[in-house]
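Asks: Each number in my numbering comes from the position in the sequence shown (counting from 1) with 38 added on. Note that the Cβ used here is the ideal one computed from N, Cα and C, for glycine as well. Structure provided below as structure tokens; questions to follow.
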Amino acid sequence: MPMKKTLRQLFTEEKVVLAPEVYDCASTITCQDCGYKALVLSGAEVSMSLKGIPDLGLLSCDEMLMVTRNICAISDLPLVVDGENGYGPALTAAYHCKRFADAGAAGVIIVDSPETRIGGVISKEAAVEKIAACADALKGTDCLLIARTDAMDLDEAIDRCVAYREAGADMTLVFCFNFIPPKERLEACKKINAKDPGWKWYPDLGVHDGKSDVTLSEIAAYGFNFVGIHYLLGSAMTAMTDAGMGNIKNQDNVYAMTKYPRPGIGSEEQIERWYRYESRFVKDPELRNRWPYNYYKTQRH
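This is how it looks when you write it as structure tokens:
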């Protein structure tokens, strides 16, 4: 696996980075195949994929750490992790930020909400203390701290972002973009940048009337160099439902295998790489005929 770039390195090469919100290793592999250069680990999509529960704050830090480690072990793309509100007060949040960095995360999002879900904000003073603690915990690592505010008033959100950056945040994220009318979002970018000119995250790039709410080049001009997009889990569930309905209608597997032929067990190249590795130690002449090394051979006959 190539050497993983840090986000700082990536930002010296790219004016703006479009990053899909993944939820496991399989979704990560598809993003690598597509050519994306960074990823976001979505707490909402991990909650649904791992537990079958909407984003209600029931996903634990240890569960997010498990997924983080798994993805970082197989991907060279920098991964930003949704660290919720740090799962507690300043000391707890700082401790968990360091755990995410140790797990391989390239960035951690910490939100100023009182609970591990959307809804209100803690006092600015308490939030600044938390951000300062998290920034200190990440010193000496390659992991960036992204301070997200859930303040619903744009002026208050900007004021908080400025304070969080002064407390040590590397990047800021104004979540109330999702509640601003689409036609007003570019103006909001300009307003934010006027007072908070550093690295900024544009969240959940939206689509209305078949068009993107903003273009990457438009927002990059105002310091928004990282853009998250949700599509993976919804697309996967849509395709799985379509494949399943086609199969149940025809009472066979032709529809799914014809429309969605990509095997879910791994690519031929990936399986071959594991075969070459195991064959260095296991000299059994029948190794090639074992599962899954024989999968593609059986598909050709």
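(1) Taking one C-beta from the region 66–74 and one from the region 110–128 each time, how about it: are there three or more such pairs within less than 8 Å?
(2) Are there 16 or more other CB atoms within 10 angstroms of the CB of Pro241, so buried, or fewer, so exposed?
(3) Based on the DSSP secondary-structure assignment, which residues constitute the bridge partners of Ile184?
(4) Could you tell me the distance, in whole angstroms, from the CA atom of Ser273 to the CA atom of Cys63?
(5) Pull up the CB-CB distance for Ala128 and Glu167, whole angstroms please, since I reckon it's below 8 Å.
(6) Does the Cβ of His246 have 16 or more other Cβ atoms within 10 Å, making it buried, or fewer, making it exposed?
(7) Apart from the five residues on each side of it in sequence, which residues of its chain come closer than 8 Å, Cβ to Cβ, to Gly124?
(8) Could you check which residue in Pro330, Lys321, Leu325 has the C-alpha nearest to that of Pro301?
(9) Look at the alpha carbon of Gly266 and the alpha carbon of Glu153, and state the distance between them as a whole number of angstroms.
(10) In chain order, what residues of the same chain lie with their CB nearer than 7 Å to the CB of Ala82, ignoring the 5 residues before and after it?
(11) Helix, strand or coil, according to DSSP, for Pro220 in the structure here?
(12) I'd like to check one pair, Leu45 with Ala76: are the Cβ atoms closer than 8 Å?
(13) Spell out a yes or no on whether the region 216–233 and the region 178–185 are touching, meaning 3 or more CB-CB pairs, one atom from each, closer than 8 Å.
(14) Among residues of its own chain, excluding the 5 on either side of Ala170, which ones have a beta-carbon nearer than 7 Å to its beta-carbon?
(15) Pick from Ala57, Leu88, Met190, Gly142: whose alpha carbon is nearest that of Ile109?
(16) Please work out which residues of its chain come closer than 7 Å, Cβ to Cβ, to Asp180, disregarding the five sequence neighbours upstream and downstream, and give them in chain order.
(17) Just to confirm, are Tyr74 and Leu271 a CB contact at a threshold of 8 Å?
(18) Quick check on the burial criterion: 16 or more other C-beta atoms within 10 angstroms. Buried or exposed for Glu59?
(19) For Arg107 and Val119, what's the separation of their Cα atoms in angstroms?
(20) Going by Cα to Cα distance, which pick from Leu176, Met190, Asn216, Asp234 is closest to Thr210?
(21) Starting from Pro58, follow its DSSP beta bridges and name the residues at the other end.
(22) Can you check which of these residues, Ala226, Gly248, Thr279, is closest to Ile257 by C-alpha distance?
(23) So, for Ala15: in the same chain, excluding its five sequence neighbours on each side, which residues have a beta-carbon less than 8 Å away from its beta-carbon?
(24) Give a yes or no on whether the C-beta atoms belonging to Ile156 and Asp188 are separated by under 8 Å.
(25) Buried or exposed for Asp208, going by 16 or more other Cβ atoms inside 10 Å?
(26) Do you know whose CA, among Tyr333, Lys335, Thr336, Tyr313, lies nearest Leu325's CA?
(27) Could you work out which residue in Ile218, Asp174, Gly178 is closest to Tyr202 when comparing CA atoms only?
(28) Can you tell me where the beta strand (DSSP E) holding Leu79 begins and where it ends?
Replies: From the atom records:
(1) Flag = yes, the region 66–74 and the region 110–128 touch.
(2) Result: buried.
(3) Answer by DSSP bridge pairing, in chain order: Ile147, Met209.
(4) Answer to the nearest angstrom: the Cα atoms are 16 Å apart.
(5) Rounded to the nearest angstrom, the Cβ distance from Ala128 to Glu167 is 5 Å, consistent with a contact under 8 Å.
(6) Exposed is the call here.
(7) Counting only Cβ-Cβ distances below 8 Å, and skipping sequence neighbours, we find Thr130, Ala131, Ala132, His134, Cys135, Ile148, Lys168, Cys172.
(8) Between Pro301 and the set Pro330, Lys321, Leu325, the nearest pair of CA atoms involves Pro330.
(9) In a straight line, the C-alpha of Gly266 is about 22 Å away from that of Glu153.
(10) Excluding residues within five positions, the ones whose Cβ falls inside 7 Å are Asp93.
(11) The answer is helix: DSSP assigns Pro220 an H, G or I state.
(12) Judged by beta-carbon spacing, Leu45 lies within the 8 Å limit of Ala76, meaning their Cβ atoms are closer than that value.
(13) Taking 8 Å as the limit for Cβ pairs, the verdict is that the region 178–185 does not touch the region 216–233.
(14) These residues qualify, in order along the chain: Ala205, Gly206.
(15) With distances taken between Cα atoms, Ile109 lies closest to Gly142.
(16) Its chain contains Thr44, Ala144 as the residues whose beta carbon lies nearer than 7 Å to that of Asp180, once the 5 sequence neighbours on both sides are disregarded; these appear in chain order.
(17) No, they are not a contact pair.
(18) The residue is buried, with at least 16 neighbouring Cβ atoms inside 10 Å.
(19) Arg107 and Val119 have their C-alpha atoms roughly 11 Å apart.
(20) Looking at the Cα atoms, Asp234 is the closest of the given residues.
(21) DSSP output for Pro58 lists Ile267 as bridge partner(s).
(22) Nearest C-alpha to Ile257: Ala226.
(23) Nothing in the structure corresponds to residue 15, since the chain is present only between 39 and 339.
(24) In this structure, Asp188 lies closer than 8 Å to Ile156 by Cβ.
(25) With 16 or more other Cβ atoms within 10 Å, it is buried.
(26) Nearest C-alpha to Leu325: Tyr313.
(27) Looking only at Ile218, Asp174, Gly178, the smallest Cα-Cα distance to Tyr202 is reached by Asp174.
(28) Per DSSP, Leu79 belongs to the beta strand (DSSP E) from 77–79.
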